[in-house]
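Each residue of the sequence shown is one higher than the last, beginning at 434 in my numbering.
This report concerns only the one structure given below.
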Amino acid sequence: MVDFNLIQDLGTEDLAAEEMLREALGEAKEEGYMDEVIGEDIDRFRSGEILKGRIVGINKDYVIIDVGLKSEGQVPKIEFEETATDLTIGDEIEVLLESLEGRDGSVSLSKRKADRIRGWEKILETRNEGDVIDGRVMRKIKGGLLVDIGVPVFLPASQVDIRRPSDIGEFIGKTIRALVLKIDEERRNIVISRRRLIEDEREEAKLRLLNSVNESDLVRGTVTNIADFGAFIDLGGIDGLLHITDMSWGRVNHPSEIVKIGEEIEVKILNIDRDKEKIALGLKQKETSPWDEIEGKFPINSRIKGEVVNLMSYGAFVRLEEGIEGLVHISEMSWTRRVNHPSEVTSVGDEVEIVVLDINKEKLEISLGMKQIEVNPWELVAEKYPPGTIIEGTVRNLANYGAFIEIEPGIDGLLHVSDISWTKKIAHPNEVLTKGEALKCVVVDVDQEKQRVGLGLKQLEEDPWLEAIPNAYRPGMIVRGAVTKITNFGVFVALEEGLEGLLHISELSDEKVENPQDIVTADQEVEVKILRVDTDERKIGLSLKRAQWGGTEEGDTDGGGTDGGDFEKPKPTRGGMDDHGAMGTDKIEL
């Protein structure tokens, strides 16, 4: 470019200067030729073209570049980024011609846009979809990150990592490797994925790992995640599970007590499932198991001491030594006390004396007992309370089948409902007993193995069916009683307190009876004849129709009636009793 100011400063006349220009151009031209020359140059340049230029000046904010036009162009220093401090006058660079005449009349140029166009052309020449590229994360944009790989490309937030980070901004300024997912030449848009690259590399590493390791191998890995049940260890392409039970031979309440996220540890491979691509890891298996010599350390029936380390609803865990714990089941805490929860007997941190009951080496389990430290009181029950012993106790509880009587603290006996009365029908023990009532009973039997004592109340008295009832109620006697219950098969008649006989429907009348209520009513006083007294089955058979005949039937062997008379002896009927004492098959027990 011609510096006319410089020529003027040199004192050269205008005509002389113009003559010098003409000589420089090679031939003399008419006035106005310079405009023609400049016009020709302008026609050769179009907006949007990339031009080569030379740096002719540098100031605080701009770089002055001569691209061969009538005036220089200015490019902001910021477009040179980190190379702005290395610029010198005379350097040749490429710039994009944005406009031949900007707002201030100068040529509008852009170094940044020229670089992008050249970078895009280079990317199209050298890169394809699926290629691995390196780039520097520039900034966050809507939906992801902008990454510079020579041209700005888009990295979606979902493709930043395998697990989406809480803040993708932490990658800004970092150089990353990623996979080219899509190249849109028309829109000049490229989408990349760091996640896909990591997944592909992990898949390759996983296959290599699965083909190279075996069970019992020691491998190193990094803790990537911690859950309540264990920790996940990245072995390089695949995560293995270190279960909480495989972290230590001792008690571990949470995996975070043993490992931390990001920590590199050495673990032992316990199991490999190549089909499901799963690896089970162990940390405690690197050391010798304290259970190897457990029988020698803690023989069965030996007395030892330990510390209570945990309480559950079903028992207490006692630590015998580091890595060895045993369970005292709630049923093994007391011979006599009814323990609802182990906290009633012991607390965490207590030192307790226990007895080794059993060892299961395969399941790594030891059964312990607290009550075995003391003498089993049930071993003395048979001696203290042999059958026939009369005891005094307290009604502790009532059930449908009987009452529990506390003989001494921790020792209960069962008074079955059938052993309350010889004659009275008792449906529930609360008909005659109350909770807390003092009661005298007889020991009927003792089962030391099952820890049971059978008691009887009726056994305090002589069984009336042995002599009293047979003597008082003999076949052939006419007796009076009140109807207590009417059923479809007959009527129950109370002969005395606690003693009933059965008046079968067939013995109500000489006529056929469909409904016993047609003959008798509840609480009605009736005279009946005793047909049979069965002491074995404890039954008394009665007859209303025979009592109404008014005489003694042929075959009666005992007193209580008149002469037989001249009537025909009735035939036995099903369900009743004849004079020989035959009972029907549909009799019920009293």
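Glycine included, C-beta positions come from ideal geometry on N, C-alpha and C.
Closest Cα partner of residue i within the set the options
i    : options                   : result
P928 : S599, I911, E636 and S681 : The displayed chain sequence assigns Leu, not Pro, to residue 928. With distances taken between Cα atoms, L928 lies closest to I911.
L612 : R551, R627 and L502       : R627
L630 : L640, K615, L642 and R610 : R610
I595 : R635, V946 and G576       : R635
D880 : E895, A905 and L847       : L847
Q950 : G974, D943, K972 and N921 : N921
R621 : K546, V916 and E940       : K546
E697 : G715, S939 and T655       : T655
E740 : G683, E720 and S746       : G683
S645 : P810, I671, R829 and I659 : I671
A832 : G748, N863, S539 and G695 : N863
D650 : E619, K639, G695 and K701 : K701
E720 : D679, V685 and E870       : D679
D667 : N743, I694 and S939       : I694
D708 : M766, S767 and L640       : L640
P819 : L614, L975, L579 and L888 : L888
V781 : K794, E754 and N743       : N743
A980 : D706, R752 and G909       : G909
N686 : D499, I963, E970 and A660 : A660
L614 : E882, D896, T657 and V586 : V586
G767 : E699, D706, K730 and P842 : Inspection of the sequence shows that residue 767 is occupied by Ser rather than by Gly. Measuring from the Cα of S767, the nearest candidate turns out to be P842.
K794 : P810, E765 and K730       : K730
Rounded separation between residue i and residue j - CA only
i     : j    : result
T559  : V565 : 11 angstroms
V961  : E930 : 17 angstroms
K493  : V584 : 27 angstroms
V789  : D878 : 32 angstroms
K462  : L557 : Here the model assigns K462 a pLDDT of 45, short of 50, so the residue's position is not dependable and the matter cannot be decided.
L893  : V926 : 26 angstroms
S681  : K717 : 5 angstroms
G501  : G563 : 42 angstroms
G997  : K918 : Model confidence at G997 stands at a pLDDT of 38, short of 50, so the residue's coordinates are unreliable; what they give is reported in the following sentence. Cα to Cα, the separation comes out at about 32 angstroms.
L899  : T968 : 7 angstroms
L520  : D600 : 37 angstroms
N704  : E619 : 53 angstroms
V508  : L674 : 58 angstroms
E728  : I792 : 8 angstroms
V761  : D845 : 24 angstroms
L977  : R913 : 10 angstroms
G1017 : L941 : Here G1017 scores only 36 on pLDDT, less than 50, and its place in the model should not be relied on; the value that follows carries that caveat. Going from the Cα of G1017 to the Cα of L941 covers about 15 angstroms.
G715  : E726 : 21 angstroms
I952  : V946 : 8 angstroms
I973  : Y906 : 9 angstroms
G602  : K485 : 38 angstroms
G934  : V886 : 33 angstroms
L642  : T657 : 18 angstroms
L533  : E632 : 50 angstroms
K738  : E882 : 28 angstroms
E970  : Y747 : 47 angstroms
C-beta contact flag for residue i and residue j at 8 angstroms
i    : j    : result
E786 : I806 : yes
I526 : I483 : no
Y834 : V808 : no
E554 : L542 : no
P723 : G756 : yes
F662 : H676 : yes
A915 : Q884 : no
L588 : I616 : no
T779 : A749 : yes
A836 : L797 : no
V528 : G552 : no
L932 : G923 : no
I840 : V828 : no
I511 : G490 : no
Residues sharing a beta bridge with residue i, DSSP
i    : result
T655 : D667 and E697
R752 : E740 and E758
M745 : G748
K972 : D967
L579 : R572 and F587
F837 : N830 and L847
L484 : V528
T608 : R569
F662 : According to DSSP, which records beta bridges pairwise, F662 is partnered with nothing at all.
Q981 : DSSP lists no partner for Q981.
Contact test: residue i Cβ vs the ligand HEM heavy atom, cutoff 7 angstroms
i    : result
D791 : Looking for the ligand HEM in the displayed structure turns up nothing, as the structure carries no ligands at all.
### Query
Is there contact here, the stretch 801 to 811 with the stretch 849 to 867, by at least three beta-carbon pairs under 8 angstroms?
no
### Query
Taking three-plus beta-carbon pairs below 8 angstroms as touching, is the stretch 813 to 833 in contact with the stretch 774 to 787?
no
### Query
Does the pairing of the stretch 817 to 831 with the stretch 861 to 876 give three or more beta-carbon distances under 8 angstroms?
yes
### Message
Check whether the stretch 601 to 609 and the stretch 569 to 578 touch, using three or more Cβ-Cβ pairs below 8 angstroms as the test.
### Response
yes
### Query
Given 8 angstroms as the limit, is there contact between the stretch 733 to 740 and the stretch 689 to 709, that is, 3 or more CB pairs closer than that?
no
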